[in-house]
Each structure stands twice: as structure tokens, then as C-alpha cells.
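The sequence shown begins at 3 in this note's numbering and counts up one residue at a time.
Okay, so here's the structure we're looking at.
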Amino acid sequence: MTTSPTRLCVTLTAETTAELRRKRDEVVGADLVELRLDTVSDPNVAGALAGRKLPVIVTCRPTWEGGHFKGSEDERRQILQDALARGAEYVDIEWKAGFTDLLSSTAGRRVVLSSHDFNGVPSDLNNRAQAMRATGAEVVKLAVKTSRLSDCLPLLDLGAQIGRQGTVLIGMGECGLATRVLARKFGSLWTYAGDQQHVGQVTPADLLDAYRFRAITETTEVYGLVGSPISHSVSPAMHNAAFSATRLDAVYLPFPAADAEDFVTFGRAMGLKGASVTIPFKVSLFDQMDEVYAVARRIGAINTMRAVEGRWLGGNTDAAGFLSPLRDRVDLKGARVAVLGAGGAARAVAVALSSSEASVTIYARNLLKAQEVAMTSSAASGSMPPEPGSWDVLVNTTPVGMYPRVGDTPIDASLLTGRHVYDLIYNPSTTRLMREAAKAGCQAIGGLEMLVVQAHEQFEWWTGMKAPAGVMREAALKRLAEFIRHENHVV
Ligand code: NAP
Numbered sequence: 003m004t005t006s007p008t009r010l011c012v013t014l015t016a017e018t019t020a021e022l023r024r025k026r027d028e029v030v031g032a033d034l035v036e037l038r039l040d041t042v043s044d045p046n047v048a049g050a051l052a053g054r055k056l057p058v059i060v061t062c063r064p065t066w067e068g069g070h071f072k073g074s075e076d077e078r079r080q081i082l083q084d085a086l087a088r089g090a091e092y093v094d095i096e097w098k099a100g101f102t103d104l105l106s107s108t109a110g111r112r113v114v115l116s117s118h119d120f121n122g123v124p125s126d127l128n129n130r131a132q133a134m135r136a137t138g139a140e141v142v143k144l145a146v147k148t149s150r151l152s153d154c155l156p157l158l159d160l161g162a163q164i165g166r167q168g169t170v171l172i173g174m175g176e177c178g179l180a181t182r183v184l185a186r187k188f189g190s191l192w193t194y195a196g197d198q199q200h201v202g203q204v205t206p207a208d209l210l211d212a213y214r215f216r217a218i219t220e221t222t223e224v225y226g227l228v229g230s231p232i233s234h235s236v237s238p239a240m241h242n243a244a245f246s247a248t249r250l251d252a253v254y255l256p257f258p259a260a261d262a263e264d265f266v267t268f269g270r271a272m273g274l275k276g277a278s279v280t281i282p283f284k285v286s287l288f289d290q291m292d293e294v295y296a297v298a299r300r301i302g303a304i305n306t307m308r309a310v311e312g313r314w315l316g317g318n319t320d321a322a323g324f325l326s327p328l329r330d331r332v333d334l335k336g337a338r339v340a341v342l343g344a345g346g347a348a349r350a351v352a353v354a355l356s357s358s359e360a361s362v363t364i365y366a367r368n369l370l371k372a373q374e375v376a377m378t379s380s381a382a383s384g385s386m387p388p389e390p391g392s393w394d395v396l397v398n399t400t401p402v403g404m405y406p407r408v409g410d411t412p413i414d415a416s417l418l419t420g421r422h423v424y425d426l427i428y429n430p431s432t433t434r435l436m437r438e439a440a441k442a443g444c445q446a447i448g449g450l451e452m453l454v455v456q457a458h459e460q461f462e463w464w465t466g467m468k469a470p471a472g473v474m475r476e477a478a479l480k481r482l483a484e485f486i487r488h489e490n491h492v493v
């Protein structure tokens, strides 16, 4: 049985009723508008409703339920009653307010009975949902604070039991993003979008364009990025752009897991098809895989997982991504390669180079760590920094010079004596190390190309299709440019 599409409700706040109305009339692409009368200084129901083009939800949230309304409960009741009387399509009434007379005045019709828990998932969630539904309210909305991805799962279970019968289920906080984007899978009648970032809302533009909300159904395949922190990652932009260009029924979300177990519990319950894996889960999730491919085993870390008939397979596309930009530029045969750093990326680089005929030395501030990485790939090891004249290709795998500390560099400019300098950092796309390398006469290579190629490899592994040419690169560049604009603005 097909179900009707999940609607998109845009939440609006303003300082005055006139501003709220102006914002209301500027909304595009939504099915519903929530008018937060508690945020305006002069709440006026008639003014807020006059001339509306889209159906609205009138909300006047009290401070005791996370809102801004400072007046008395009687004044609030009057506003909500007025909204019902004036024919607002929906009026949001807090379950805990006890305004039963308002509910019975319409026999529950046009009422969104809401409950917000800012401390977590209440232990009586299901009973509460039943009690709220028993009031006869047309729509029951339950919003709970999520601190872990798996906090979304009680909502998923609840939606499976009673969803599509007038329920809206929201996980607040960044761990609850799935409940908003995948609202249809959670059985919600609609989702809320807007600029209320403190509760985890995403903007209507992101929901519609980046996550293709309109195309998401119960059968849409879910992929994502697991890591922490990941709010500035460009991977969601790259993979969603590729899914869109290839018209695949798939979406990619950031999953800021609390720990490896949290991701596994959530991912299995959601039927996740695949994920990119980043810091700090590259090793801890390795141990959670049913099978790990040879390259990832040699590296000792995964950066990709794929689910096949319930089995989780681990792989690593960093090694292939790293080599790709070198292929046309550098003859590795006999080349002396100095690798700075001895973390996860250095391991992938060392394994990738072990199949070339280069002579590789791993340099780290901690010699023991350098030796450990060197052992995985028959490389040599040394203490930072490498001697001038000792290398042809220098690879930076440390995060030194990465945003926000863009003025830092892992090696003094006077020591840049080789032919090629390859910085794995991609934000910024040109690092101080690259600038100084170019000035010293070296060919400088940045990390963006590696990022794009490792993402291509992930896409191809997951979908069996060739990644669309140029799409991921363009999406990554656009996202990085947005990031820089935003940071400059914020600063
Ligand atoms: P990681 O596992 O944390 O390893 C970082 C390494 O850098 C460690 O050896 C660390 O040494 C060393 N390091 C950190 N700060 C240092 C400093 N101030 N001076 C000297 N050494 C320092 O991180 P990773 O996963 O390898 O990632 C490293 C970088 O590579 C990041 O910038 C990441 O964005 C980039 N990367 C890019 C791509 C791409 O596709 N372009 C892919 C993967 C990674 P200690 O162990 O002593 O702390």
C-alpha cells in the first residue's frame, strides 16, 4: 500500500506579528507553516492568519515547554482559542497544558497535541503516545531530545506501531536528524524545518535540495557518515549530489555517533546500506564488521562499510584515493618518499606506497608510532623533521595546517628541498605548506583530489555504478566555499 507523501512544515519565528506574516508570505516549497506566536512581542491571531496562502499551525509555546511566551496561561489559552475560532488549519496545544476544553471544542479536529522532552527519551513514551491519542486530537506530536543515534529507535518503533495515523515524531538534537529527513520512514505526517538549530532543525533548502526530502519514501536506501565531530564534513554534499545525479533512490546523512556500539545498534535497526567511517571510529568499527577486506586489514582501519544481506563488510578506499593524484604526476619507481605523521591516514599511505617501488620513510614526533606504521609496510622510520635532500616526495598526513589553524605548517619552509609535496589536508584547499612548497620550486598537490577519489570508490562499491564524473568534486568545492563564507561571516 502506498502512503501519502510526508509534508514539510516550515517553523517561523519573528519579533512582531507583521514580521511573522511577512516571513510567512516568503515561504516557498513548504506544505505547511508553523507560526510561533510565542516569539512575537504583539501576538495577534487575526493578523497572523490574514491573507495566508498556505495552511498554518498556530503555536504559542510557553517557557515551561521550551517556548518564549511570557504571559499567563489564561492569555495563552485565549490566543489558542482565538486561532481555532478563526479557522487556523491546526493549533498546537501542549499535552501538559491540560486545555481539554479547547480540544473538545472541535472534538480534537485541527488540534496538534504536542509533548516535548528536553532531557531525553521518556521511559513512558509509548503509554504517553496512547494517552495523547486517546484524547481524540487529530495529530499527536512527540519531540524528544536525542543524545545518541540510538535514541531515535524508540521513535522508529512507535512509528511502526501507530505511525501514519496522525503522528509526528521528532528527535531533537543533531543525533535526531534521521527522524527529520527520514520522517516518512518514522511514520510522521510531516517534518519541521527552519532555523531552530538548537533543537536540530535543518533549513528548508537543505532538506529539499541536499537531502531531496520530496523523493524520500519508505524504501529509500540510507547511507551516511559516522564520525565525531562531523558537522563540517563535505561527504554528505558529495554523496547526495552523486545520488541525485544518478537518480538513485538513496540518501546520505551525517551520523554523529556517541560510540561504536551506538552506531551499530542504530545502523542495524535502520537497515543502513553503507557508511563512510571517519575519526574516531576507523579502528573501533573495524572490530564490529562481519568481514574486512584485505587492504583495510593491512591498514588496520576501515573508512567504508557496506551491508549485504545483513552482513557488514569493511573496506578502505583511502589507499586508492591517495595514489590516484600521484599516478600522472610522479614516477614513484625509485622515488624517496617521506611521510609526515603516523596516524590512520599515514597507515593508508604506507600500505598504498608498498605496492609501488618507492623507498618510504615514516616520520613522526613519536618515533615509536613511526616505527609501528613502518612495520605494516616494510618502510623505514625516523624522527621529525626529515633531513633536507633526503626525499623526492613529501607527504603530510598530520592535521597541521588544517582549518582553523591555517597559519600552521608541519615542516619549516627551509627544509622543502624535494620535487613534490602532497598535503592530504583539503580544508583549506591550498595550505600554507603547499604555498611554501610551490615557492620553493616543488610541485604541490592538495588533499581534495584524494577526498574525491576515495568517495568515488565508496559510491562504486555501494552502488555497483560508476561515480558521475565531476559531480562530487563540484559538490565538495561548493560546500568548502560555503563553509569559508559562513566562517568569515561568523568571525
Ligand atoms: P590521526 O589518526 O589523528 O593522525 C594524525 C597524525 O598526525 C598522528 O601521527 C599525530 O601524532 C600527528 N600529529 C598531530 N598533530 C601534530 C603536530 N602538531 N606535529 C606533528 N605531528 C602531529 O589523523 P588521520 O586520520 O591520520 O588524518 C590526518 C590528516 O589527514 C587530517 O588532516 C585529515 O583531514 C587528512 N586526511 C585526508 C584525507 C583525504 O581524503 N584528503 C583522508 C584521510 C585523512 P600523535 O599520534 O603523536 O598525536
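No residue lacks a Cβ here, since even glycine has one placed at the ideal position from N, Cα and C.
The model shown is predicted, which means the values in this text are computed figures rather than measured ones.
If only uninterrupted alpha helix (DSSP H) runs of at least 4 residues are considered, those enclosed by the stretch 220-299 are 237-247 and 262-272. Taking C-beta separations shorter than 8 Å and ignoring five residues to either side along the sequence, the partners of residue 182 in its chain run 172, 173, 193, 194, 195, 202, 203, 204 and 209, following chain order. For residue 292 against residue 315, the beta-carbon gap comes to about 7 Å, under 8 Å, which counts as contact. Taking the Cα of residue 90 as reference, the smallest distance to any Cα among 115, 217 and 60 is reached at 60. Membership of residue 36 in the beta strand (DSSP E) is indicated by the continuous run 34-38. According to the DSSP assignment, residue 385 belongs to the beta strand (DSSP E) that extends over 382-385.
Annotation: residue 446 is outside any alpha helix (DSSP H); the continuous beta strand (DSSP E) that includes it extends over 445-447. Under the DSSP assignment, residue 77 falls in the alpha helix (DSSP H) whose first and last residues are 75-87. Only residues of its own chain outside the window of five on either side were considered, and among them 279, 284, 287, 288, 291, 294, 298, 316, 317 and 318 have a CB closer than 7 Å to the CB of residue 304, listed in chain order. Following the DSSP letters along the chain, one finds residue 13 inside the beta strand (DSSP E) bounded by residues 9-14.
Within its own chain, the residues whose Cβ lies closer than 7 Å to the Cβ of residue 405, once the five positions on either side in sequence are excluded, are 429 and 430, listed in chain order. Pairing residue 18 with residue 141, the inter-Cα distance amounts to about 28 Å.
For residue 377, the distance from the CB to the nearest heavy atom of ligand 1 is not below 7 Å. Three or more Cβ pairs closer than 8 Å define a contact, and the stretch 320-331 falls short of that threshold against the stretch 366-383. Take residue 388, set aside five residues on each side of it, and the residues of its chain with a beta-carbon closer than 6 Å to its own are 340 and 365, in chain order.
The beta carbons of residue 322 and residue 456 sit closer together than 8 Å.
Ranked by Cα distance from residue 345, the first of 270, 335, 360 and 367 is 367. With a threshold of 16 other beta carbon atoms within 10 Å, residue 312 falls short and is exposed. With fewer than 16 neighbouring CB atoms inside 10 Å of its own CB, residue 270 falls in the exposed class.
The residues 47, 60 and 93, in chain order, have a CB closer than 7 Å to that of residue 85 in the same chain once the five nearest residues on each side in sequence are set aside. Restricting attention to beta strand (DSSP E) runs no shorter than 3 residues, the stretch 170-195 encloses them at 192-195, ordered along the chain.
Taking 7 Å as the cut-off, the C-beta of residue 86 does not count as close to any heavy atom of ligand 1. Beta bridge pairing from DSSP links residue 340 with 363 and 396. By the 16-neighbour rule on beta-carbons within 10 angstroms, residue 66 is exposed. Inter-residue distance for residue 349 and residue 470 is about 29 Å (C-alpha atoms, whole angstroms).
Around the CB of residue 102, fewer than 16 other CB atoms lie within 10 Å, so the residue is classed as exposed. Here the alpha carbon of residue 150 sits roughly 21 Å from the alpha carbon of residue 68. Selection 170, 407 and 199 evaluated against residue 186 yields 170 as nearest (Cα-Cα).
In the DSSP assignment, residue 118 is bridged to 145. Relative to residue 416, the option among 425, 79, 442 and 9 whose CA is nearest is 442. For residue 367, the distance from the CB to the nearest heavy atom of ligand 1 is below 7 Å. Non-local beta-carbon contacts of residue 74 in its own chain, meaning distances under 8 Å to residues more than five positions away in sequence, are absent.
When distances are taken from the beta-carbon of residue 320 to the heavy atoms of ligand 1, the shortest one is below 7 Å. In the three-state scheme derived from DSSP, where H, G and I count as helix and E and B as strand, residue 311 is classed as coil. Under the DSSP definition of a beta bridge, residue 430 lacks any partner. Distances from the CB of residue 453 to the heavy atoms of ligand 1 include at least one below 7 Å.
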